[in-house]
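Enquirer: Before we start, here is the structure in question, set down as structure tokens.
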Amino acid sequence: MDPKKNRMKDNIPTNEENKSILSLGAFFTLIALLGIFIDIVLGIANGRNILKLPQTAVERFNELHSNWFLGLYNLDLLNIIVQILLIPSYFALFFAQRQKYYAFSLFAFILFIFGTSIMVSANVALSMFELSEKYFNTNNDSQRLLYSAAGEALLAQGSHGSPAIFLGFFIPTIANLLMSMVMLKSGVFGTLNAWIGIVGSVFMLIYIILINFNFGVESVAILLAMPGGLLLMLWMILYTIRLSKLSV
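Counting the sequence shown from 1 gives a position; my numbering is that position plus 75.
Dropping the structure here:
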């Protein structure tokens, strides 16, 4: 028998509680994948281009006022929801590989939680929506000026592609890379699954670095985002299938 298959078999949890954790991880990954698919569809439908997003607070207010759903989407609210949904998935990945690579898989999980916390705390979608409502509910110019100034401060903190939110995207992607490396060594998820995650994570790390800092190559960065994102989606699909098999 193939030694790799023996190694994978040795890591299969046996009791029902363990299997429930893996099943829950697979379930939440499926929901997260649905969210990512919706993100792609919305991006294509609206011709989303980070270089063409509203740049000022007043422009954001106008977008939120005319189309609140698109405004929140362009402020990464959907990304935040997907990121939170992936927390049980990451715990399942740690849990499935804890027997042989406990420290590294736990470190990847903790890193993902830490990065997700930064991303959620830095996101300004709901705060900008509240300011937009206040901005359009007053006719006082001084009040509007105050709200626009507050909006500019929020955008400096957490708009898409801003250096302030860099760590919120960068750290979870590092966690993806580390977890993929654990997969490569553990034998639980297979070599192909691991390498797809590694390559996809590297592409996305380059994209995040280039898009968050002014290197003047934003168009090149955007070209890297598509293959990187698709590879990470495939990575998620493959590990979801494996988690489902382990949970049976």
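Note that CB positions come from ideal geometry on N, CA and C, so glycine has one too. This one's a predicted model, so the numbers in the text were calculated from it and none came from an experiment.
#1: Helix, strand or coil, according to DSSP, for Leu147 in the structure here?
#2: At a threshold of 6 Å, does Phe204 count as lining the ligand SAM (C-beta to nearest heavy atom)?
#3: If you follow the alpha helix (DSSP H) that Phe170 is in, where does it begin and where does it stop?
#4: For Phe103, is the classification buried or exposed, using 16 other Cβ atoms within 10 angstroms of its Cβ as the cut-off for buried?
#5: Assuming Phe264 contacts Gly303 under a Cβ cut-off of 8 Å, what Cβ separation, rounded to an integer in Å, is found between them?
#6: By Cβ distance below 7 Å, which residues in the same chain neighbour Ile87 in space, the five residues on each side in sequence not counted?
#7: Rounded to whole angstroms, what is the Cα-Cα separation between Leu128 and Thr266?
#8: Measuring only the C-alpha atoms, how far is Asn121 from Gly190?
#9: Got a sec? Which residues, its chain only, sit under 8 Å from Ala107 by beta carbon, not counting five neighbours each side?
#10: What are the start and end residues of each continuous alpha helix (DSSP H) run of 4 or more residues lying completely inside the segment 197–235, in chain order?
#11: Could I get the ranges of all uninterrupted alpha helix (DSSP H) runs contained in the segment 87–131, with 4 residues as the minimum, in chain order?
#12: Just to confirm, are Ser223 and Ala300 a CB contact at a threshold of 7 Å?
#13: Are at least three pairs of beta-carbons, each pair with one atom in the segment 168–176 and one in the segment 89–97, less than 8 Å apart?
#14: Can you find the residues in the same chain that come closer than 7 Å, C-beta to C-beta, to Gly110, ignoring five residues on each side of it along the sequence?
#15: Can you tell me which of the three DSSP states Lys320 falls into?
#16: Inspect the beta-carbon positions of Ile188 and Phe245 and report whether they are closer than 7 Å.
#17: By alpha-carbon positions, which one of Ile273, Gln130, Leu117, Glu205 ends up nearest to His140?
#18: I'd like to know whether the C-beta atoms of Phe179 and Val257 end up nearer to each other than 7 Å.
#19: For Leu313 versus Val274, is the C-beta distance shorter than 7 Å?
#20: State the Cα-Cα distance for the pair Asp216 and Tyr210, rounded to the nearest angstrom.
#21: Measure the Cβ-Cβ separation of Leu229 and Met203 and say whether it is below 7 Å.
#22: Exposed or buried, what is Ser294 when buried is set at 16 or more other beta-carbons lying within 10 Å of its beta-carbon?
#23: Contact check, Gly272 vs Met254 under 8 Å by CB: the rounded distance?
#24: On the premise that Ala250 lies in contact with Leu318, defined as a C-beta separation below 8 Å, what is that separation, rounded to the nearest angstrom?
#25: If we ignore side chains and look at the alpha-carbon of each, how far apart do Val116 and Tyr148 end up?
#26: Helix, strand or coil: how does DSSP classify Lys175 here?
Expert: According to the structure data:
#1: Position 72 of the sequence shown holds residue 147. Reduced to three states, the DSSP call for Leu147 is helix.
#2: The ligand SAM is absent from the structure shown, which contains no ligand whatsoever.
#3: For this step, residue 170 is matched to residue 95 along the sequence shown. Annotation: the continuous alpha helix (DSSP H) that includes Phe170 extends over 152–172.
#4: Within the sequence shown, residue 103 is the residue found at index 28, counting from 1. Taking a 10 Å sphere around the C-beta of Phe103, we find 16 or more other C-beta atoms and assign the residue as buried.
#5: In the sequence shown, residue 264 corresponds to position 189, counting from 1. In the sequence shown, residue 303 corresponds to position 228, counting from 1. In this structure, Phe264 and Gly303 do not form a Cβ contact; the two beta carbons are roughly 19 Å apart against a cut-off of 8 Å.
#6: Position 12 of the sequence shown, counted from the first residue, corresponds to residue 87. At Ile87 the pLDDT is 49, less than 50, meaning the model places this residue with poor confidence and gives no usable figure here.
#7: Along the sequence shown, one-based indexing puts residue 128 at 53. Along the sequence shown, one-based indexing puts residue 266 at 191. Cα-Cα distance, rounded: 39 Å.
#8: One-based indexing of the sequence shown puts residue 121 at position 46. One-based indexing of the sequence shown puts residue 190 at position 115. In a straight line, the C-alpha of Asn121 is about 28 Å away from that of Gly190.
#9: Mapped onto the sequence shown, residue 107 falls at position 32. Only Val157, Leu160, Leu161, Ser164, Met311 meet the Cβ criterion.
#10: Runs of the alpha helix (DSSP H) lying entirely within the segment 197–235 and spanning at least 4 residues, in chain order: 200–211, 216–233.
#11: List check, alpha helix (DSSP H) in window: 91–120.
#12: Counting from one through the sequence shown, the residue named residue 223 turns up at place 148. Counting from one through the sequence shown, the residue named residue 300 turns up at place 225. Not closer than 7 Å, so no.
#13: Touching, yes.
#14: Within the sequence shown, numbered from 1, the residue matching residue 110 stands at position 35. Once the five neighbours on either side are set aside, the close Cβ partners of Gly110 are Leu153, Ile156, Val157, Leu160.
#15: Sequence index remark: in the sequence shown, residue 320 carries index 245 (1-based). If DSSP states are grouped into helix, strand and coil, Lys320 belongs with the helices.
#16: Within the sequence shown, the letter at position 113 stands for residue 188. Within the sequence shown, the letter at position 170 stands for residue 245. No. Outside cutoff.
#17: Indexing the sequence shown from 1 puts residue 140 at position 65. Closest option to His140, Cα to Cα, is Glu205.
#18: Here residue 179 corresponds to residue number 104 of the sequence shown, with the count starting at 1. Here residue 257 corresponds to residue number 182 of the sequence shown, with the count starting at 1. Against a cut-off of 7 Å, the Cβ pair of Val257 and Phe179 comes out as a contact.
#19: Numbered from 1 along the sequence shown, position 238 holds the residue referred to as residue 313. Numbered from 1 along the sequence shown, position 199 holds the residue referred to as residue 274. No, Cβ-Cβ distance for Leu313 and Val274 is not below 7 Å.
#20: For the purposes of this step, residue 216 is taken as the residue at position 141 of the sequence shown. For the purposes of this step, residue 210 is taken as the residue at position 135 of the sequence shown. C-alpha separation (whole angstroms): 9 Å.
#21: Walking along the sequence shown from the start, residue 229 turns up at place 154. Walking along the sequence shown from the start, residue 203 turns up at place 128. Yes, they are a contact pair.
#22: Position 219 of the sequence shown holds residue 294. Counting other Cβ atoms within 10 Å of its Cβ, Ser294 stays below 16 and is therefore classed as exposed.
#23: For the purposes of this step, residue 272 is identified with residue 197 of the sequence shown, where counting begins at 1. For the purposes of this step, residue 254 is identified with residue 179 of the sequence shown, where counting begins at 1. Here Gly272 really is in contact with Met254; their C-beta atoms are around 7 Å apart, less than 8 Å.
#24: Along the sequence shown, one-based indexing puts residue 318 at 243. Along the sequence shown, one-based indexing puts residue 250 at 175. Contact flag wrong, Cβ pair sits at about 17 Å.
#25: The residue given as residue 116 occupies position 41 in the sequence shown. The residue given as residue 148 occupies position 73 in the sequence shown. If you draw a straight line from the Cα of Val116 to the Cα of Tyr148, it comes to about 12 Å.
#26: Counting from 1 along the sequence shown, the entry for residue 175 is found at position 100. Of the three classes helix, strand and coil, the one that applies to Lys175 here is coil, per DSSP.
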